[in-house]
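Chains A and B, in that order, are what the protein sequence lines are. Numbering-wise (the working numbering), the first sequence opens with residue 536 and increments by one. Numbering-wise (the working numbering), the second sequence opens with residue 258 and increments by one. Report on the following structure.
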Amino acid sequence: MLKYDILLQALVSGILMGAVYSLVSIGLTIIYGVVRIVNFAHGEFLMIGMYATYFLWAYFGIDPLVAMIINGPLLYVIGILIYKSLFRRVVLASDFTKIFLTVGLSLVLQNLALLLFTANYWSVRTFYEKMVINLWGISISYPRFIAFCGAVILSLLISLFLLKTDLGKAMRAVAQNWEVAMLMGINPDRIFMVAVGLGSAVAGVTGTIIMPYFYVFPMVGAAFVVMCFAVVISAGLGSIKGALFCGPIFGIAESLGILFVGADSGLIVAFLILLVVLIFRPSGLMGKGKL
Amino acid sequence: MRNLLFNWRDPKIYLPLILLIFLLILPIFLPTYFLHIMVTIFVFAFLSAAWNIIGGYAGQLSLGNAAFFGLGAYGAVLFTHYFNIPPWIGGVIIGGAAALFLSLLMGWACFRLRGPYFAISSLAIGEVMRLLFLHQRKITFGAEGVTVPFKGDSLLYFQFSSKVPYYYIALVMLLLGIYICWKMERSRLGYYLIAINQNQDAAEAVGINSVRTKQVALSLSALLTAMGGVFYAQYIFFIDPDFVFSLGLSIEFALMAIVGGVGSVFGPVIGAFLLRPAMEITNALLGATYMGVHLIVYGGLLITVVLLKPEGLIGWLARRYETLLKLLPGLKEKE
Chain A
536 MLKYDILLQA LVSGILMGAV YSLVSIGLTI IYGVVRIVNF AHGEFLMIGM YATYFLWAYF
596 GIDPLVAMII NGPLLYVIGI LIYKSLFRRV VLASDFTKIF LTVGLSLVLQ NLALLLFTAN
656 YWSVRTFYEK MVINLWGISI SYPRFIAFCG AVILSLLISL FLLKTDLGKA MRAVAQNWEV
716 AMLMGINPDR IFMVAVGLGS AVAGVTGTII MPYFYVFPMV GAAFVVMCFA VVISAGLGSI
776 KGALFCGPIF GIAESLGILF VGADSGLIVA FLILLVVLIF RPSGLMGKGK L
Chain B
258 MRNLLFNWRD PKIYLPLILL IFLLILPIFL PTYFLHIMVT IFVFAFLSAA WNIIGGYAGQ
318 LSLGNAAFFG LGAYGAVLFT HYFNIPPWIG GVIIGGAAAL FLSLLMGWAC FRLRGPYFAI
378 SSLAIGEVMR LLFLHQRKIT FGAEGVTVPF KGDSLLYFQF SSKVPYYYIA LVMLLLGIYI
438 CWKMERSRLG YYLIAINQNQ DAAEAVGINS VRTKQVALSL SALLTAMGGV FYAQYIFFID
498 PDFVFSLGLS IEFALMAIVG GVGSVFGPVI GAFLLRPAME ITNALLGATY MGVHLIVYGG
558 LLITVVLLKP EGLIGWLARR YETLLKLLPG LKEKE
């Protein structure tokens, strides 16, 4: 018979991971919602964040939690550069151009990493990596707990930013209708740039906070982002609330899949859920997607 | 009126014929390595043409065609491995049916939605298939991959020790693929697809069932791609999930069609003839020392083409071909 504490443990670790999925998905959904580009290279932003964390730790001994302060702005700048050099040219282009542009970018970044850093798995050592919190018979590893807290705080900050600040309001206006927003005196080009930079920075910071319990390799982003695609689709593309809600669901689905079906089958279970969502609620759980 | 079909002196007729005869006698002269490159060109042109049906004509950008490819390949190999069933049944029929089933599932889940849902879902489904075959080790041998059990030269088991039979089979497959696309372009299905691709609302307003039309295109594409998978498995004699289900492979199918020209019969063929040899050369020169170089080239090429020439090379090449036809001697159809 299955012990309930194992089930509870799986639920908790699912939620911990799910918050991280939510955070990556928020970045993805901001870029789609505002610029209308599905960023297939989003996982590679995460990968860059992870490599940056690894090198900051390996060469300067900087702890990932401190590296966050460097990686956020770094990825913001990288995002802006990518917007200015590539995305800006295709903002008004067809889905075809947009999708294959980011797919191409993803291929280039992935294999550039393979070329520069080899296919080896790298990880960082921290003083808190072995520390565990025990709570009613459930043990939570410290790095996972920190990543969870970081993800929750960041998600809240982004939501607040979008709801309360002028720039956030301008972004939502552009997301709704950029032409009308332009008539109101908002420069959509600048908002697009900020959106891509923000999405990229969020991915980079996520890469930083998961580094203490993850390992980095060139395809890490690809493995990660497929799950986040499942999250954003079932949430409804462009819905931040949905991404916040669906991340934990998929995290739990993944960990229950691992528990009941077997290791590494988490993604498959998650996709069965996605399939069910798409069949019964095609525009996503919280989406306003056109049917 | 003169019957065009029998006007051998028209360059429009004799030029393709000369080309075909050239391709038919080519194996006599070609060394094995170049023969191998020709076979991969044919197969990839075929697979890219299959992608073009859903990605080009229907405008549904599939990033998961490798899923169908892998099902065909694994169907062929596993059934021979376990039950001695020839790949014609295991791969073509059972693998094909599996691909068809998967395409129905994908269409059912995705085609009611517009926008980039299909591209994302198809990418995800390819990835899920890869993981599924990677982790069901007891049946699929996981990451180790499976080798095709060798039964000697036999058409029944689709195995030959020489590359020449493969060359001809691949050539026939490609010609068949081109014929199917050519026929489709001029059929009701082709016109429906082009109409939906241009303006779905207008197409639906005149009574086209867009969901069903896209579904037919996806299933056709899936079936052909599975056949390509069967051929690949029987030709290379070894498959593993990380190759046959890889995203890189799905992108390769698309890339060739994009470079050649999406939504055209000969675009994928042109793409394959240009890219496949280039890839072989890059891999042969750099692949051993620098991993993933050919994928950087793919990605860079993809970015460059969609930014600078999204319609592909077909338009430019078609004009060159027209001029060539005018220059060639022969009896031409009068205007």
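Here a beta-carbon is modelled for each residue, glycine too, at the ideal position from N, C-alpha and C.
Quiz item: How is methionine 258 of chain B classed by DSSP in three states: helix, strand or coil?
Solution: Low confidence applies to methionine 258 of chain B: its pLDDT is 48, below 50, so where it sits in the model is not reliable, and the reading given next is rough at best. Here methionine 258 of chain B sits in coil by DSSP.
Self-check item: Rounded straight-line distance, which links the Cα of leucine 809 of chain A to that of phenylalanine 795 of chain A
Solution: 18 Å
Exercise. Using a cut-off of 9 Å between C-beta atoms, extract the partners of isoleucine 396 of chain B located in chain A.
Key: Here the premise fails: no neighbours, minimum Cβ distance about 13 Å.
Self-check item: Identity of the residue in A/Gly607, A/Glu714, A/Tyr589 nearest serine 658 of chain A by Cα
Solution: A/Tyr589
Self-check item: Complete runs of the alpha helix (DSSP H) confined to the region 494–568 of chain B [at least 4 residues]
Solution: Here the runs fully enclosed are 498–501, 504–517, 524–539, 550–565.
Self-check item: Whole-angstrom C-beta distance between tyrosine 423 of chain B and tyrosine 492 of chain B, which should lie under 8 Å
Solution: 5 Å
Quiz item: Around the Cβ of lysine 471 of chain B, are there at least 16 other Cβ atoms within 10 angstroms (buried) or fewer (exposed)?
Solution: buried
Quiz prompt | chain B residues whose Cβ lies nearer than 7 Å to that of threonine 632 of chain A | solution = Those are Val563, Pro567, listed as they occur along chain B.
Practice problem: Taking C-beta pairs closer than 7 Å, name the residues in chain A that proline 373 of chain B reaches, listed in chain order. | Solution: Val573, Asp630, Ile634
Quiz prompt | Contacting positions in the region 693–704 of chain A - beta carbon closer than 8 Å to chain B | solution = none
Quiz item: Given glycine 773 of chain A, which residues of its chain have a CB within under 6 Å of its CB, disregarding the five upstream and five downstream residues?
Solution: Thr564, Tyr567, Gly568
Practice problem: Hey, could you find the ends of the beta strand (DSSP E) leucine 670 of chain A is sitting in? | Solution: 667–670
Quiz item: Which residues in the same chain have their Cβ closer than 7 Å to the Cβ of glutamine 544 of chain A, if we skip the five residues on either side of it in sequence?
Solution: For glutamine 544 of chain A, where only same-chain residues beyond five positions count, the Cβ hits under 7 Å are Ile673.
Quiz item: Taking Cβ to Cβ, would you say serine 379 of chain B is nearer than 8 Å to glycine 313 of chain B?
Solution: no
Quiz item: So alanine 805 of chain A and methionine 746 of chain A are in contact, right, with Cβ under 8 Å, and what is the actual spacing, rounded?
Solution: With a Cβ gap of about 23 Å, alanine 805 of chain A and methionine 746 of chain A do not count as contacting.
Quiz prompt | Per-residue burial, methionine 719 of chain A [other beta carbons within 10 Å of its own, 16 or more giving buried] | solution = exposed
Quiz item: Roughly how many angstroms separate the alpha carbons of isoleucine 726 of chain A and arginine 623 of chain A, rounded to a whole number?
Solution: Each residue's alpha carbon lies about 11 Å from the other.
Practice problem: Within the same chain, show all residues whose beta-carbon is closer than 7 Å to that of threonine 297 of chain B, passing over the 5 residues directly before and after it, in chain order. | Solution: Arg533
Quiz item: What did DSSP end up calling isoleucine 675 of chain A once you bin it into helix, strand or coil?
Solution: Here isoleucine 675 of chain A sits in strand by DSSP.
Exercise. Give, in chain order, every residue of the region 409–433 of chain B whose Cβ lies closer than 9 Å to some Cβ of chain A.
Key: none
Exercise. Output yes if chain B places a C-beta closer than 8 Å to the C-beta of leucine 802 of chain A; else output no.
Key: Yes - at least one Cβ of chain B is within 8 Å of the one on leucine 802 of chain A.
Self-check item: Buried versus exposed, by CB contacts within 10 Å (16 or more), serine 521 of chain B
Solution: It is buried - the Cβ of serine 521 of chain B has at least 16 other Cβ atoms within 10 Å.
Quiz item: Between the region 268–286 of chain B and the region 495–512 of chain B, do at least 3 Cβ pairs fall closer than 8 Å?
Solution: no
Self-check item: Touching by the beta-carbon criterion (3+ pairs, under 8 Å), the region 593–613 of chain A and the region 749–760 of chain A
Solution: Touching, no.
Quiz prompt | Min CB distance arginine 369 of chain B to chain A below 8 Å | solution = yes
Quiz item: So with Cβ pairs under 8 Å, would you call glutamate 384 of chain B a contact of chain A?
Solution: yes
Quiz item: Between which two residues does the alpha helix (DSSP H) harbouring isoleucine 451 of chain B extend?
Solution: Following the DSSP letters along the chain, one finds isoleucine 451 of chain B inside the alpha helix (DSSP H) bounded by residues 445–455.
Quiz item: With DSSP run on the structure shown, which of helix, strand or coil describes glutamine 393 of chain B?
Solution: Glutamine 393 of chain B falls in the coil class under three-state DSSP.
Quiz prompt | Contact check, valine 737 of chain A vs isoleucine 693 of chain A, beta carbons under 8 Å | solution = yes
Quiz item: For glutamine 472 of chain B, which beta-bridge partners are listed by DSSP?
Solution: Paired residues: none, contrary to the question.
Exercise. Check each candidate in B/Asn540, B/Asn309, B/Val562 and name the one with the smallest Cα separation from serine 507 of chain B.
Key: Closest in C-alpha terms to serine 507 of chain B, from the list B/Asn540, B/Asn309, B/Val562, comes B/Asn309.
Quiz item: Where in the region 273–353 of chain B do unbroken runs of the beta strand (DSSP E), each at least 3 residues long, occur, reported from the N-terminal end onward?
Solution: Correct list: empty.
Practice problem: Measure from the alpha carbon of valine 767 of chain A to the alpha carbon of each residue in B/Ala356, B/Ser478, B/Tyr374, then state which is nearest. | Solution: B/Tyr374
Practice problem: Measure from the C-beta of asparagine 646 of chain A to each C-beta in chain B and report whether the shortest distance is under 8 Å. | Solution: yes
Quiz prompt | Straight-line Cα distance separating isoleucine 311 of chain B from leucine 277 of chain B | solution = 27 Å
Quiz item: What are the start and end residues of each continuous alpha helix (DSSP H) run of 4 or more residues lying completely inside the region 558–634 of chain A, in chain order?
Solution: 577–595, 599–617
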